[in-house]
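For reference, the structure discussed in these notes is given below.
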Amino acid sequence: MKSLNPYKLLTFLVLPFLLSWPAWFNGQPFLFQDTTAYIKGAASAANLLVETKTARNWLTAGMPPPGAAHPASAQAGAAPAAAPVPAPSAQLSSSPDKSGVISGRSIYYGMFMFVTACLLGLQGVPLLQALLSTAMITTFLRQRYTIDYRTIAAALLLLAVASPLPFFNSMLMPDVFAGLGIAGVVALIMMPRAPGGVRLFWALLTVAAVLFHTANIMIILATIITLVVLWFVLNRQEPLRWTAVALAVALVGAGLAGEAAFNFGVRHFTHTTPIRPPFMSARLLADGPGNTFVHSQCPRAGFEVCDYARDFTRATSDDFLWSADPRIGVFTLASKASRTRLGQEDFAFAKAVFAEYPLQVIENSARNIAAQLGYIGLEEFVYVPGMVQNFEPKIPADEQAVLESTRAAKGKFNVAYSALLIQVTSVAALLVCLAAVVVLFRRRRYAELTLIAIMLLSMVINAGVCGALSTPHDRYQGRIIWILQLMAIVIVAVRYNRVALPAETADRAQETPAQPLSAAAG
């Protein structure tokens, strides 16, 4: 009878807890402003099929409990017996009377959270995300390299200590799936001989990534295209498996199909069309070219944004979209009809601005992308003043009570040291990977060069998509930087003989016994 590998047990039974340690240390997963939109959208959909206590708790959050007096009646105090308020009904969070359905908050990730919360509670979400991260990293390393579970466990432990991966596993947001999707699609294309079960897991994780956030569709598709180009430039001696590429593209198509299905469902059940936030318009207005266009071309240009003409450069694109301050916010405060037009005209407005000021738009986009590349921190894991109280009308009372008791809510979760360690190790990982690129190119180790190059370029792709469409934030780059840290760990492990030649190419490299990454590590 084959004995159990203790390091394998450690990898899958213990390390997922370490890879979600911020949630356990904090006392609750980290909530973000968008978290409630994800889970309430899923609760609304689930409530159409079957009523559950979890759905009801989320959909009635902030409503007075049955039998509670109206605030006006309570203040008057004159009536001997106030009439009870009827039991709150679980309305659709996407019903037309709530200013329409905002697309971009994936119902699929919301359902992932909702189902997990029903079965395990909210604390189960970070654990499940950490388990998926563990499985992705483990299968990637096991299929690409000859590596034992002891080394894998050590690599995961290093990521738990010095990377942002545990933090993004601990956040109730789909951010962590951006990195998992990139790793999944690269593995599918570069490791076509992996067992069917492993490839199925990679495929499902990639589908999850593109379903959970629309930006991941662009990021992963661009990663596929870039990898194919790199393959023909650097790795021409090894044939590219076009079936693997076709599969990867089809998986991205699943994300588009999922969005189409969501739009159809919204139209069917709510008789209204989902409203897409005008991300490009907001970016162009805040950067300046859009602002200049509005002041010089409106009102004759005929765009909805002309009705809100002001100095948009005084605020960020996030302020334009989400601020409730009428001096700087537009989209959130607009009527449903105005929101709809702003979303529908987003591309047309961006096209008109680019046609008028192409150089300025390109310059600003390049500046934003460069800025996004340098944003690596943990700002989203610090609850700013008023944030905890703002959740009170949006989440169930029991979750609000837990939230108020967390270390982050009390200001006792100091992320400064973790952020500094992450920044230092990220720079070190970048330098190690760049050194590996130089050495591998000189030694013509093109297969490994292609792998490291695509991981490096995926950082640029991610910054390009996020920096061009939104205000640069720590979480956009921090959510995937662990990929470079993992590659740096592998390079160092090769140097100390903990990782051997890629198992997939060993039979083609008998004449070159040197390991492909060892030289890069020294």
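Numbering-wise (my numbering), the sequence shown opens with residue 230 and increments by one.
The C-beta atom is built at its ideal place from N, Cα and C for all residues, glycine as well.
Put residue i into one of helix, strand or coil per three-state DSSP.
i      : result
Val728 : strand
Met400 : strand
Thr502 : coil
Thr542 : helix
Ile376 : strand
Ile651 : helix
Ile709 : coil
Ile418 : helix
Ile624 : coil
Phe241 : helix
Phe461 : helix
Phe532 : coil
Phe261 : coil
Met292 : coil
Phe430 : helix
Gly256 : coil
Phe441 : helix
Using a Cβ-Cβ cutoff of less than 6 Å, which residues in the same chain neighbour residue i once the five nearest sequence positions on both sides are dropped?
i      : result
Ala359 : Pro245, Leu248, Ser249 and Asn398
Thr752 : Outside the shown range of the chain, which is 230 to 751, sits residue 752, and nothing can be said about it.
Ala645 : none
Met340 : Ala271
Phe261 : Met402
Arg570 : Glu533
Ile504 : Gly329, Ile331, Arg568, Thr569 and Gly572
Cys695 : Gln601 and Tyr705
Leu351 : Pro258
Leu550 : Pro506, Ala511 and Phe560
From residue i to residue j, what does the alpha carbon distance come to, in whole angstroms?
i      : j      : result
Val439 : Pro518 : 31 Å
Leu393 : Asp703 : In the sequence as displayed, the identity of residue 393 is Pro instead of Leu. Cα to Cα, the separation comes out at about 10 Å.
Ser333 : Val436 : Sequence check: residue 333 is Gly here, not Ser. Each residue's Cα considered, the two are about 16 Å apart.
Phe578 : His497 : 29 Å
Arg465 : Leu669 : 15 Å
Ala584 : Ala657 : 41 Å
Lys237 : Ala416 : 21 Å
Glu609 : Phe642 : 12 Å
Leu277 : Glu467 : 52 Å
Leu370 : Thr501 : 46 Å
Val344 : Phe461 : 43 Å
Ala346 : Thr283 : 8 Å
Arg671 : Leu485 : 41 Å
Met419 : Tyr374 : 12 Å
Glu633 : His524 : 45 Å
Leu513 : Pro424 : 47 Å
Ser510 : Leu242 : 46 Å
Pro235 : Ala382 : 10 Å
Asp548 : Phe254 : 32 Å
Thr240 : Lys623 : 37 Å
Ser594 : Thr455 : 20 Å
Val653 : Ser647 : 10 Å
Leu349 : Ala566 : 40 Å
Leu588 : Asn597 : 14 Å
Val457 : Ala451 : 10 Å
Using a Cβ-Cβ distance under 8 Å, would residue i count as near chain B?
i      : result
Leu348 : Protein chain content of the structure displayed is limited to a single chain, and chain B is not contained in it.
Excluding the five sequence neighbours on either side, which residues of its own chain have a C-beta within less than 8 Å of the C-beta of residue i, listed in chain order?
i      : result
Ala407 : Ala438, His442, Ala444, Asn445, Ile448, Asn691, Arg708 and Ile709
Cys662 : Ile681, Met684, Leu685, Leu713, Met716, Ala717 and Ile720
Pro300 : Annotation note: pLDDT 45 at Pro300 (below 50); position unreliable, no value reported.
Ala581 : Phe522, Gln526, Ala530 and Phe532
Ile376 : Leu370, Ala722, Arg727, Val728 and Ala729
Leu476 : Leu417 and Ala432
Ile453 : Val414, Ile418, Val474, Ala477, Val478 and Val481
Pro395 : Leu247, Leu248, Ser249, Trp250, Pro251, Ala359, Leu388 and Ala389
Enumerate in chain order the residues of its own chain whose CB-to-CB distance from residue i is below 7 Å, with the five nearest sequence positions on each side excluded.
i      : result
Met365 : Leu409, Ala412, Gly413 and Leu434
Pro528 : Cys535
Ala638 : Tyr612, Val617 and Leu632
Asp263 : Arg334 and Met402
Ala553 : Thr561 and Leu562
Gln629 : Phe620 and Glu621
request  = Mind listing, in chain order, the continuous alpha helix (DSSP H) runs of no fewer than 4 residues lying wholly within the segment 554–620?
outcome  = 565–573, 575–585, 587–602 and 616–619
query = Just checking, does the segment 671–683 make contact with the segment 490–503 on the three C-beta pairs under 8 Å criterion?
reply = no
query = Does the count of Cβ pairs from the segment 698–713 and the segment 594–614 closer than 8 Å reach three?
reply = yes
ask   = On the three-pair Cβ rule with 8 Å, is the segment 468–487 touching the segment 531–538?
value = no
request  = Tell me, please, whether the segment 377–392 touches the segment 337–352 by the rule of three or more beta-carbon pairs shorter than 8 Å.
outcome  = no
inquiry  = At 4 residues or longer, what runs of the alpha helix (DSSP H) sit wholly inside the segment 326–395?
reply    = 336–349, 353–373 and 378–391
request  = Output the residue ranges of the alpha helix (DSSP H) runs that lie fully inside the segment 261–285 and measure 4 residues or longer, sorted by chain position.
outcome  = 264–278
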